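Asks:
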Amino acid sequence: MKYFHIIFVNLKRKKIRTLLTIGSFMVALFLFGVLMTIKTALGSGVDVAGADRLVVRNRISLIMPLPYSYRDVIRQMPNVSEVTFATWFGGYYQDMKNFFPNYAIDPETYRTVYPEYIIPDEQWNAFVQDRQGCIVSPPVAEKYGFKIGDRIPLQGTIFSGIWEFNLCAIYDAAEKEMISPEFWFQYKYLEEQRPFFKGTVGWYVVKVKDPAGAVAVTKAIDERFANSPNETKTETEKSFAAGFANQIGNIRLLILSIGSVVFFTLLLVTGNALATAVRERTGELAVMKTVGFTDASVLGLVMAESLIVAVVGGAIGLGLAKLFTLSGDPTGGMLANFYLPNDSLATGLALALAAGAAAGIIPAVGAMRLKIVDALRRV
Amino acid sequence: MVRLDGASSGALVEIRDLDKKYRRGGEEIDVLRGLNLDVEKGEFVAFMGPSGSGKTTLLNLIGGLDSPSAGTVRIAGDEISALSGRKLAAWRARNIGFIFQMYNLIPVLTAFQNVQLPLLLTGLSKSERKRHVEDALALVGLSDRIHHYPRQLSGGQEQRVAIARAIVADPTILLCDEPTGDLDRASGDEILDIIAKLSRDFGKTVFLVTHDPVAAKRASTILHLDKGSLLERAGEESDGKTGEKPPAA
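Chains as they are written, first to last, in my numbering: chain A, 1 to 379; chain R, 380 to 628.
1. Please check the pair LEU351/A and PHE32/A, which I expect to be a contact at CB under 8 Å, by giving their CB distance rounded to whole angstroms.
2. Enumerate in chain order the residues of its own chain whose CB-to-CB distance from THR435/R is below 7 Å, with the five nearest sequence positions on each side excluded.
3. Going straight from the alpha carbon of GLY622/R to that of ILE478/R, what length do you get?
4. Taking just the CA atoms, how far does LEU285/A sit from ARG377/A?
5. Give the DSSP-derived three-state secondary structure of ALA226/A in the structure shown.
6. Does the beta carbon of ILE485/R come closer than 8 Å to any beta carbon on chain A?
7. Since ASP106/A and PHE85/A are thought to touch, with beta carbons under 8 Å apart, how far apart are those beta carbons, to the nearest angstrom?
8. Distance cutoff 8 Å, beta carbons only. Does GLY464/R sit that close to anything in chain A?
9. Note down, in chain order, every chain A residue with its Cβ under 8 Å from the Cβ of ARG544/R.
10. Pairs of beta-carbons, one from the segment 267 to 284 of chain A and one from the segment 4 to 20 of chain A, closer than 8 Å: are there three or more?
11. Look at the Cβ atom of TYR68/A, then the Cβ atom of TRP88/A, and state whether they are nearer than 8 Å.
12. What is the rounded straight-line gap between the Cα of VAL373/A and the Cα of LYS509/R?
13. Please identify, using Cβ separations under 9 Å, the residues of the segment 277 to 308 of chain A that lie next to chain R, in order along the chain.
14. Report the rounded CA-to-CA distance for VAL312/A versus VAL365/A, giving the unit in angstroms.
15. Is LEU323/A helix, strand or coil when you go by DSSP?
16. Rounding to the nearest angstrom, what Cα-Cα distance links ALA598/R and VAL547/R in this structure?
17. Go ahead and label GLY428/R buried or exposed: buried means 16 or more other beta carbons lie within 10 angstroms of its beta carbon, across all protein chains shown.
18. Is ALA375/A helix, strand or coil by DSSP?
19. Taking the alpha carbon of SER222/A as the point to measure from, which residue in THR234/A, ALA321/A and ALA212/A has its own alpha carbon closest?
20. Taking the beta carbon of LEU268/A as the centre, do at least 16 other beta carbons fall within 10 Å, making it buried, or is it exposed?
21. Let's test the definition: count the other Cβ atoms within 10 Å of the Cβ of PRO550/R and tell me whether it reaches 16, buried, or not, exposed.
22. Is the segment 447 to 463 of chain R touching the segment 380 to 400 of chain R in the sense that three or more CB pairs, one from each, lie closer than 8 Å?
23. Got a sec: is the Cβ-Cβ distance from PHE426/R to anything in chain A below 8 Å?
24. Return the chain-ordered ranges of every alpha helix (DSSP H) run that is complete within the segment 513 to 591 of chain R and spans a minimum of 4 residues.
25. Please report how far the alpha carbon of THR37/A lies from the alpha carbon of GLU231/A, in whole angstroms.
26. Exposed or buried, LYS624/R, counting other C-beta atoms within 10 Å across all chains shown (16 or more means buried)?
27. Using DSSP with H/G/I as helix, E/B as strand and the rest coil, what is GLU108/A?
28. How big is the Cα-Cα spacing for MET368/A and PHE30/A?
29. Which partner residues does ASP409/R have in the DSSP bridge list?
30. Under 8 Å between beta-carbons, which chain R residues line up against ARG252/A? List them in chain order, please.
31. For LEU54/A versus VAL262/A, is the C-beta distance shorter than 8 Å?
32. Quick one: Cα of GLY23/A to Cα of ALA310/A, how far?
33. Considering only the alpha carbon of each residue, which of TYR144/A, VAL205/A, ILE148/A and SER137/A lies closest to ALA173/A?
34. Are the C-beta atoms of ARG369/A and some chain B residue less than 8 Å apart?
35. VAL113/A: buried (16+ other C-beta within 10 angstroms of its C-beta) or exposed?
36. Expressed to the nearest angstrom, what Euclidean distance is found between the alpha-carbon atoms of PRO486/R and GLN492/R?
This is the structure in structure tokens:
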């Protein structure tokens with residue numbers, strides 16, 4: 001701590017340069033925080049996907065339906081405990097910009113396959129008993145001010161016309177990542193009212209008894225419907241969710257690419273600033289060594305400057321990113337779980353430290369290797 | 380007592396067969412050649428000579444800032460040319476005080492903080508460091524400038540702060556490289572008074588590099604460096620123990 005004053009006054013001597021270098025870290029770490037938030041939001045379905053659930057969809061495309069009759073066939077297969085299904089509806093509320101995922105579900109089986117969702121029994125029973133009943137997630141209820149008992153009209157896009165619903169329940173979930181903007185309603189209502197695609201569902205979700213045997217079930221389902229007019233593609237819920245997230249591109253690669261470019265630039269900027277600072281202080285460093293500071297202590301002082309700049313800039317950047325995410329999903333529903341997890345904050349701080357160390361090491365080693373006699377000759 | 384024949388032993392500073400060569404543009408330059416020097420504790424020795432004669436190089440070798448090409452430098456029994464970088468730094472902190480021509484104060488630190496620098500390497504407490512710094516600054520007459528930055532001080536005052544920094548850890552040897560070279564005569568005299576006092580009253584062994592014969596007269600012994608060798612001449616104020624010109628080392 002007795003050296004802290006020396007580090008502090010050195011950082012203060014060129015305030016603008018120090019502030020700009022801190023600013024570089026701040027911007028980089030802010031960007032990192034936002035990218036990690038987006039990654040978390042896009043991957044939240046993947047993170048909470050059940051290991052004991054499989055998703056069965058049409059082999060051609062997710063938008064192609066599957067026959068309703070497959071349900072009983074799949075249910076009879078070994079290691080299958082329950083089968084539920086859902087169908088994409090694609091409606092919007094009042095205006096096209098008010099879109100949130102909405103689909104028809106099977107009330108008889110959905111809660112069995114997805115026990116993570118928390119819905120009070122009286123609300124669930126009201127939903128089951130009301131053919132026009134619907135359930136929304138908290139983000140949808142909050143955004144549109146929906147309350148239980150409200151009448152909600154959705155404009156159909158695949159199935160045209162206004163579809164009226166009664167809000168019976170607002171679900172909750174044990175894990176925050178499970179909650180995304182969603183609207184569920186009864187499959188029977190859709191089936192009765194839609195003019196086409198009757199007798200079909202969008203996809204099945206299969207709950208297996210033993211997750212260790214999930215691969216065998218996957219294979220058995222796809223083999224069972226091979227060479228039929230509606231071949232299936234069965235995968236674990238995790239890979240289904242990952243595939244869904246990757247529809248907009250390889251998020252991980254995108255984040256890695258942007259992050260790498262930003263951090264490389266940061267290294268150059270910070271390294272240059274620190275190298276200039278050390279060059280300007282060559283004589284002073286020589287004097288410090290003359291009075292007895294060791295090479296290692298000079299190295300430590302220069303590294304400490306770099307690390308302090310990195311930590312301060314990084315912490316401010318990550319703090320701003322956290323503040324930014326606290327205002328919620330800026331896309332209006334596309335990124336429901338829009339928040340910066342604590343482990344990403346820790347990773348960001350570690351990255352800032354690593355960048356600070358990498359940027360500081362060359363000037364610091366230069367200072368360490370400084371020959372007193374040569375440096376004093378330059379004063 | 381100062382000797383150049385390499386015969387004595389047990390002196391505070393013992394230099395034997397010292398060579399220093401530099402390479403400059405592919406050419407090897409002999410700066411010091413087979414130099415011998417013995418200096419007893421408490422001596423005040425001035426080195427004079429033309430530019431490039433090796434005065435500062437010799438000072439740097441005595442202070443452990445540079446390493447010899449050949450020969451040995453032994454201070455108080457320690458062969459400093461054999462010490463590793465870390466041990467040498469620690470040894471310098473304990474035994475040597477440096478005073479430079481350009482003061483070499485750190486501009487962002489106050490007089491107090493500049494003087495305190497060598498003490499940061501010791502195990503002294505904050506209050507002990509404060510007391511030592513205040514004593515050192517009082518000794519050079521700067522108690523009233525303790526919280527001034529170098530830019531707020533005159534050249535003479537800056538050099539006095541540099542002297543306080545050099546003596547604060549109570550070193551045995553003071554190495555002064557043209558300490559008055561950047562000062563007017565009056566300020567230079569004040570600095571030389573302080574250096575002479577440190578030698579006379581506090582028993583510091585002082586090595587002074589100077590081009591100024593008036594400054595050199597303050598020393599008890601004046602040694603001239605020429606073409607890498609040391610010669611002693613009787614100074615007007617030297618004690619004349621070895622008044623005749625000794626043989627070249």
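Ideal Cβ positions, reconstructed from N, Cα and C, are used throughout, including at glycine. Since the structure is predicted, the reported quantities are computational estimates derived from the model, not experimental observations.
Replies: According to the structure shown:
1. 7 Å between Cβ atoms; contact.
2. ASP556 and VAL588
3. Confidence is the limiting factor: at GLY622/R the pLDDT is only 34, short of 50, which leaves the residue's position unreliable, though a coordinate-based value still follows. Those two C-alpha atoms are separated by around 29 Å.
4. 13 Å
5. coil
6. yes
7. 6 Å
8. yes
9. VAL291
10. yes
11. no
12. 30 Å
13. ARG281, GLY283, GLU284, ALA286, VAL287, MET288, LYS289, THR290, VAL291, GLY292, PHE293, THR294, ASP295, ALA296 and SER297
14. 23 Å
15. helix
16. 22 Å
17. buried
18. Helix, per DSSP.
19. Residue identity check: residue 222/A is Asp in the sequence provided, not Ser. The candidate whose alpha carbon is nearest that of ASP222/A is THR234/A.
20. exposed
21. buried
22. Touching, yes, given that three or more Cβ pairs across the two stretches are closer than 8 Å.
23. For PHE426/R, no Cβ of chain A is located within less than 8 Å of the residue's own Cβ.
24. 534 to 546 and 564 to 581
25. 37 Å
26. The pLDDT assigned to LYS624/R is 36, lower than 50, so where the model puts this residue is not dependable, and the model offers no usable value.
27. coil
28. 33 Å
29. The partner list for ASP409/R (beta bridge, DSSP) reads LYS400/R.
30. By Cβ distance, chain R contributes nothing, its closest Cβ being about 45 Å from ARG252/A, past 8 Å.
31. no
32. Rounded to the nearest angstrom, the two C-alpha atoms are 10 Å apart.
33. SER137/A
34. In the structure shown, chain B does not exist; the protein chains are A and R.
35. buried
36. 10 Å
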